[in-house]
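Peer 1:
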Amino acid sequence: MSQLTKQYETAKKNSIEFMKLGQINAYFNALLEMNKYKRLLTAVVAN
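For the sequence shown, the residue numbers in my numbering are 11 to 57.
#1: Would you say A56 reaches chain D, if we count a Cβ-Cβ gap shorter than 8 Å as a contact?
#2: Thinking C-beta only, is T15 closer than 8 Å to L51?
#3: CB-CB under 7 Å to V54, same chain, minus the five flanking residues each way: which ones, in chain order?
#4: When the Cα atoms are used, what is the spatial distance from K48 to A36?
#5: Which residue comes first and which comes last in the alpha helix (DSSP H) that contains N57?
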């Protein structure tokens, strides 16, 4: 669980940086990665 949280936070930081730099494609990819980790965290908490 701790590892998933760290990966989620890293993806979140990356998405913010990409947004600031105007790298739209990389920003959307980081958002997708955040969504993946968010779903995994939800699944872990539910079990």
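Ideal Cβ placement from N, Cα and C applies to all residues, glycine included.
Peer 2: Concretely, from the data shown:
#1: The chain inventory of the structure shown lacks chain D, comprising one protein chain alone.
#2: If you number the sequence shown from 1, residue 51 lands on position 41. If you number the sequence shown from 1, residue 15 lands on position 5. Yes, the pair counts as a contact, with Cβ atoms nearer than the cut-off.
#3: Looking up residue 54 in the sequence shown gives position 44. M11, L14.
#4: Locating residue 48 in the sequence shown gives position 38, counting from the first residue. Locating residue 36 in the sequence shown gives position 26, counting from the first residue. The alpha-carbon atoms of K48 and A36 are separated by roughly 18 Å.
#5: Translated into positions along the sequence shown, residue 57 becomes position 47. N57 -> no alpha helix (DSSP H), and no H or E assigned at all.
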